[in-house]
Amino acid sequence: MAREEHLLSTEIVNRGISDEGSQTFSVRVRRRLPDFLQSVNLKYVKLGYHYLIKHGIYLAILPVLVLVFSAEVGSLSREELWRRVWDSTTRYDLATVLSFVALFVFTLSLYIMSKPKPIYLLDFACYKPSDDLKVTKEQFIELARNSGKFDESSLEFKKRILESSGIGDETYVPKSIGSSENTATMKEGRYEASTVMFGALDELFEKTKIRPKDVGVLVVNCSIFNPTPSLSAMIINHYKMRGNILSFNLGGMGCSAGIIALDLARDMLQANPNNYAIVVSGEMVGYNWYPGKQRSMLIPNCFFRMGCSALLLSNRRRDYHRAKYSLKHIVRTHKASNDRAFRCIYQEEDGERYKGLKISKDLVEVGGDALKTNITTLGPLVLPLSEQLFFFGNLVWRHLFGNKNAKTNNSQQANNIKPYIPDYKLAFEHFCVYAASKTVLDELQRNLELSEENMEASRATLHRFGNTSSSSIWYELAYLEAKEKIKRGDRVWQIAFGSGFKCNSAVWKAIRRIKKPSTNPWLGCVDRYPESLAQ
Numbered sequence: 001m002a003r004e005e006h007l008l009s010t011e012i013v014n015r016g017i018s019d020e021g022s023q024t025f026s027v028r029v030r031r032r033l034p035d036f037l038q039s040v041n042l043k044y045v046k047l048g049y050h051y052l053i054k055h056g057i058y059l060a061i062l063p064v065l066v067l068v069f070s071a072e073v074g075s076l077s078r079e080e081l082w083r084r085v086w087d088s089t090t091r092y093d094l095a096t097v098l099s100f101v102a103l104f105v106f107t108l109s110l111y112i113m114s115k116p117k118p119i120y121l122l123d124f125a126c127y128k129p130s131d132d133l134k135v136t137k138e139q140f141i142e143l144a145r146n147s148g149k150f151d152e153s154s155l156e157f158k159k160r161i162l163e164s165s166g167i168g169d170e171t172y173v174p175k176s177i178g179s180s181e182n183t184a185t186m187k188e189g190r191y192e193a194s195t196v197m198f199g200a201l202d203e204l205f206e207k208t209k210i211r212p213k214d215v216g217v218l219v220v221n222c223s224i225f226n227p228t229p230s231l232s233a234m235i236i237n238h239y240k241m242r243g244n245i246l247s248f249n250l251g252g253m254g255c256s257a258g259i260i261a262l263d264l265a266r267d268m269l270q271a272n273p274n275n276y277a278i279v280v281s282g283e284m285v286g287y288n289w290y291p292g293k294q295r296s297m298l299i300p301n302c303f304f305r306m307g308c309s310a311l312l313l314s315n316r317r318r319d320y321h322r323a324k325y326s327l328k329h330i331v332r333t334h335k336a337s338n339d340r341a342f343r344c345i346y347q348e349e350d351g352e353r354y355k356g357l358k359i360s361k362d363l364v365e366v367g368g369d370a371l372k373t374n375i376t377t378l379g380p381l382v383l384p385l386s387e388q389l390f391f392f393g394n395l396v397w398r399h400l401f402g403n404k405n406a407k408t409n410n411s412q413q414a415n416n417i418k419p420y421i422p423d424y425k426l427a428f429e430h431f432c433v434y435a436a437s438k439t440v441l442d443e444l445q446r447n448l449e450l451s452e453e454n455m456e457a458s459r460a461t462l463h464r465f466g467n468t469s470s471s472s473i474w475y476e477l478a479y480l481e482a483k484e485k486i487k488r489g490d491r492v493w494q495i496a497f498g499s500g501f502k503c504n505s506a507v508w509k510a511i512r513r514i515k516k517p518s519t520n521p522w523l524g525c526v527d528r529y530p531e532s533l534a535q
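Numbering (UniProt numbering), first residue to last: 1 to 535.
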């Protein structure tokens with residue numbers, strides 16, 4: 001218990017006066033994210049450097065060869081250089097020279113072909129539901145009350161969660177949650193899926209002027225709702241896509257599945273040149289609505305809202321000038337080998353046989369461990385050399401001398417070796433952190449030492465659209481575009497986490513300055529932020 005005391009925070013709530021006139025209050029104890037930057041595992045640093053030098057070895061050798069060649073040639077006059085070249089070539093016959101040239105061309109071609117093809121993001125779209133689906137927090141509670149599925153104790157619990165959630169009064173939910181009927185039906189699921197997916201895709205095709213038949217790869221991710229035929233088949237049927245399209249449907253992979261789908265699309269584009277790929281990410285709120293009384297399963301009801309994103313990728317070099325971003329890195333972390341991590345977000349039935357997502361009290365600690373692993377692996381790929389040297393040197397020093405001091409019981413000296421926390425603000429200009437809840441964003445900001453401006457897109461998305469699951473990070477990027485904050489060369493870090501337990505990162509680089517889009521889910525409300533967050 002003593003080991004976990006630093007992970008707990010207290011807050012005095014519900015101040016009041018009892019009937020006898022004495023003051024009363026309650027103490028709320030919460031778990032915080034661990035300081036994951038202060039306990040780093042060397043094997044994940046090693047993994048990050050392995051990714052870095054996988055193709056970088058060629059870049060390291062080439063300058064050395066050029067330097068040696070330049071030093072040799074620079075000491076010769078032009079006449080002497082030509083004389084040596086002529087003398088050296090006359091020693092060999094034509095067949096030998098041609099064989100050498102052929103070998104050189106073959107090696108160069110093999111290197112060029114083995115290099116990963118650049119992946120471009122031409123554009124993306126985020127679905128904005130109609131205003132008749134918009135609810136305030138009070139209206140949300142009333143919808144739940146009118147359904148007749150929840151007792152007053154459950155409604156009061158939901159109300160308390162919403163008050164501290166960071167969610168505003170303009171989020172969207174399907175009308176079905178206010179019905180007394182069962183919402184987890186295939187009919188309701190298909191209706192919501194077609195509404196959000198086709199809404200996002202219609203906007204994407206309109207913005208990019210790409211025909212559905214031109215798309216060669218389709219990846220759809222939705223964690224809970226997985227009908228037969230699949231969601232990807234629904235899209236192919238609706239838009240009459242071509243018969244040889246490579247389609248994939250990812251299910252049960254949680255709120256970080258959007259980056260997993262992106263990774264799969266990237267791999268398909270690497271193997272299939274001259275192609276377009278579409279990635280669709282969403283979640284069906286009505287189908288996942290939990291009508292029971294177990295509080296750990298009521299939490300998802302309070303946070304998840306309607307939303308969907310669709311993005312168009314290309315591996316064609318001629319699309320460079322029309323693209324917005326190029327994909328630089330994807331780093332994926334999976335902790336399902338640990339039983340606590342595997343069960344911290346778990347779909348099951350409660351005692352009354354109602355199905356829902358159960359949120360474990362270990363979620364914060366498990367999430368912190370997954371985040372630590374992911375950012376440690378990502379660091380060598382993105383951090384400036386100066387930060388890497390400070391970080392790696394401090395890490396080795398602590399492992400060598402910290403352990404030695406601990407063995408000699410010199411705890412005071414061991415504690416004096418403070419960890420060096422890399423400044424990720426030097427690696428990225430913009431941050432799109434998955435907007436799970438206000439508490440999670442607060443802890444991530446504290447641990448990564450991010451500013452309010454760095455967290456603005458995430459907090460604004462949570463406030464305006466709620467937690468839209470795997471599509472949240474795209475609403476955040478849409479916010480940055482609506483604010484016209486993206487400049488040429490800017491680097492964007494998208495990081496998301498979800499059941500499994502998984503934590504995934506994607507790094508983009510802006511190819512050009514992004515002007516305010518004509519179609520964007522933030523149009524009409526973006527000027528109210530970040531001021532609305534303070535209300």
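C-beta: ideal position from N, C-alpha, C; glycine also.
Predicted, not measured: the structure shown is a model, and the values here were computed from it.
Would residue 357 pass as a contact of residue 291 if the rule is Cβ separation under 7 Å? no
For residue 372, tell me which candidate among 161, 107, 497, 233 has the shortest Cα-Cα distance. 497
Close beta carbons around residue 362, own chain, < 7 Å, minus the five adjacent residues each side: 340, 344
Taking three-plus beta-carbon pairs below 8 Å as touching, is the stretch 126-135 in contact with the stretch 163-179? yes
Run through DSSP, which three-state label would residue 125 get? strand
Three-way DSSP call (helix, strand, coil) for residue 185 in this model: coil
Is it buried or exposed for residue 424, if we count other Cβ within 10 angstroms and need 16 for buried? buried
Apply the 10 Å Cβ neighbour rule to residue 43 and answer buried if 16 or more other Cβ atoms are within range, or exposed otherwise. Legend: pLDDT at residue 43 = 49, less than 50; position of this residue unreliable, no value from coordinates given.
Are the beta-carbon atoms of residue 324 and residue 121 separated by less than 7 Å? yes
Cutoff 6 Å; reference residue 249; Cβ partners in own chain excluding five residues on either side: 220, 230, 231, 232
In the DSSP assignment, find the unbroken beta strand (DSSP E) run with residue 349 in it and report its ends. 345-349
Cα-Cα, which of 369, 311, 355, 211 is closest to residue 338? 369
Check whether the stretch 467-480 touches the stretch 441-448, counting contact only when three or more Cβ pairs, one atom from each stretch, lie closer than 8 Å. no
Rounded to a whole number of angstroms, what is the C-alpha to C-alpha distance between residue 163 and residue 136? 12 Å
With distance defined between alpha-carbon atoms, name the residue in 102, 152, 150, 159 nearest to residue 138. 159
Contacting residues, own chain, Cβ-Cβ under 8 Å from residue 2 (five flanking each side not counted): A caution first: residue 2 carries a pLDDT of 43, below 50, which makes its placement in the model too unreliable to give a value.
Do three or more CB pairs link the stretch 306-323 to the stretch 176-183 at distances below 8 Å? no
Coarse secondary structure for residue 280, derived from DSSP in three states: strand
Looking only at its own chain, which residues have a Cβ that is under 6 Å from the Cβ of residue 429, when we skip the five neighbours before and after it? 490, 491
Classify residue 254 as helix, strand or coil using the three-state DSSP reduction. helix
Residue 508 - partner residues in DSSP beta bridges: 327, 492
Distance, residue 457 Cα to residue 168 Cα: 14 Å
I think residue 536 touches residue 330, with their Cβ atoms under 8 Å apart; what is that distance to the nearest whole Å? Nothing in the structure corresponds to residue 536, since the chain is present only between 1 and 535.
Identify which residue in 396, 393, 103, 201 has its Cα closest to the Cα of residue 281. 201
Please classify residue 502 as buried or exposed, where buried requires at least 16 other C-beta atoms within 10 Å of its C-beta. buried
With a threshold of 6 Å on Cβ separation, who are the neighbours of residue 520 within its own chain once the five nearest residues in sequence on each side are excluded? 478, 482
Let's test the definition: count the other Cβ atoms within 10 Å of the Cβ of residue 244 and tell me whether it reaches 16, buried, or not, exposed. exposed
Taking the alpha carbon of residue 381 as the point to measure from, which residue in 107, 215, 505 has its own alpha carbon closest? 505
Sort 226, 465, 99 by Cα distance to residue 307 and report the nearest one. 465
By the DSSP assignment, the beta strand (DSSP E) with residue 173 in it spans what residues? No beta strand (DSSP E) holds residue 173; DSSP gives it neither H nor E.
Identify every residue that forms a DSSP beta bridge with residue 220. 249, 280
Where residue 383 falls: helix, strand or coil (DSSP): coil
Alpha-carbon to alpha-carbon, residue 377 and residue 109: 31 Å
What is the rounded straight-line gap between the Cα of residue 235 and the Cα of residue 222? 13 Å
Using C-beta distances below 7 Å, list every residue in its chain close to residue 186, excluding the 5 sequence neighbours before and after it, in chain order. 227
With 16 other CB atoms within 10 Å as the buried threshold, where does residue 149 fall? buried
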